[in-house]
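Using the numbering used here, read the sequence shown as starting at 4 and increasing by one per residue. Heads up, the beta-carbon is just placed ideally off N, CA and C, and yes, glycines get one too. All values derive from a computational prediction rather than experimental measurement.
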Amino acid sequence: MAGETILLIEDERDLIEVVKYNFEREGYRVLSATDGEKGLDIAREKDPAVILLDIMLPGLDGIEVAQRLRSDPRTRDKIIIMITAKAEESDVVLGLGVGADDYVTKPFRMKELLARVKAVLRRGRIDDEVPSGKRIERFGLSIDTAKYQVTCEGEEIPLTLTEFKLLATLAAAPGRVFTRDLLLAKVQGDAYIDARNIDVHVRSIRKKLGPENDFIVTVRGVGYKFRE
4 MAGETILLIE DERDLIEVVK YNFEREGYRV LSATDGEKGL DIAREKDPAV ILLDIMLPGL
64 DGIEVAQRLR SDPRTRDKII IMITAKAEES DVVLGLGVGA DDYVTKPFRM KELLARVKAV
124 LRRGRIDDEV PSGKRIERFG LSIDTAKYQV TCEGEEIPLT LTEFKLLATL AAAPGRVFTR
184 DLLLAKVQGD AYIDARNIDV HVRSIRKKLG PENDFIVTVR GVGYKFRE
């Protein structure tokens, strides 16, 4: 994973320098932007593996930047980690709801941020339980694990990488109940991440699939399963 390009969109120059120093020491290439417009331009031109995105930015805020990244075919599949001082649950839900794959609150330990980036990069490979390079077909739902593409009744469903991994993991084993912790281990690969994020991602998947497509079943007090 070392050698990957990381884009940091952050207006605190001191923090940029600290992140740049620590990540470059680990072998990553770090690009930076201090405002949302410039960050979008770099994301489109330089093809970073991970985008670290502050919410409180001059001009375009991080929420708007994330929405534009997700709506642009050139950047919609990029891994986005929100970095922000806004730590209320509603802020977490908002950040994940617009397409962020993870959420880190300030102040944070640099080791934690490095661990999260490494975890999301590991997620680029479908888990062994999911038939890599094949298609999962369930109830009119088609999941192409080679193209990272989901269609429902022939209509393409735009999912984030985390949402795709979550749906593919569940659909590959219909009827099997996955606890939130197990889904975190498979989808996120990072013990730092709060299990409530799984609930946010599931709500987002359900919304995108539509109310009539109740593929993911909640097992109260335990977790989730894909219906049989």
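Take the alpha-carbon of Leu144 and the one of Arg112: they are about 41 Å apart.
If the five residues before and after Glu159 are omitted, its C-beta is found closer than 8 Å to the C-beta atoms of Gln152, Val153, all from its own chain and listed in chain order. For Tyr24, the enclosing alpha helix (DSSP H) covers residues 16–28. As computed with DSSP, Val222 is found in a beta bridge with Gly226. As for any beta strand (DSSP E) of minimum length 3 sitting wholly inside the segment 109–172, the runs are 138–141, 144–147, 152–155, 158–160, ordered along the chain. Thr221 counts as exposed, since fewer than 16 other beta carbons sit within 10 angstroms of its beta carbon.
In terms of Cβ geometry, Glu67 and Gly39 form a close pair [threshold 8 Å]. Annotation: Ala36 is outside any alpha helix (DSSP H); the continuous beta strand (DSSP E) that includes it extends over 32–36. Counting of Cβ neighbours within 10 angstroms places Asp17 among the exposed residues, the total staying below 16. Residue nearest to Asp217 within the set Pro177, Met85, Ile83 is Pro177 (criterion: CA-CA distance). Proximity to Asp147 across Ala171, Glu166, Leu124 peaks at Ala171, based on C-alpha coordinates. The C-alpha of Lys150 lies about 11 Å from the C-alpha of Leu164.
In the structure shown, Val68 falls within a helical segment according to DSSP collapsed to helix, strand and coil. Where Asp184 is concerned, the enclosing alpha helix (DSSP H) starts and stops at 183–186. For Leu55, the uninterrupted beta strand (DSSP E) run begins and ends at 53–57, by DSSP. Taking all protein chains in view, the Cβ of Tyr227 is crowded by 16 or more other Cβ atoms within 10 Å, so the residue is classified as buried.
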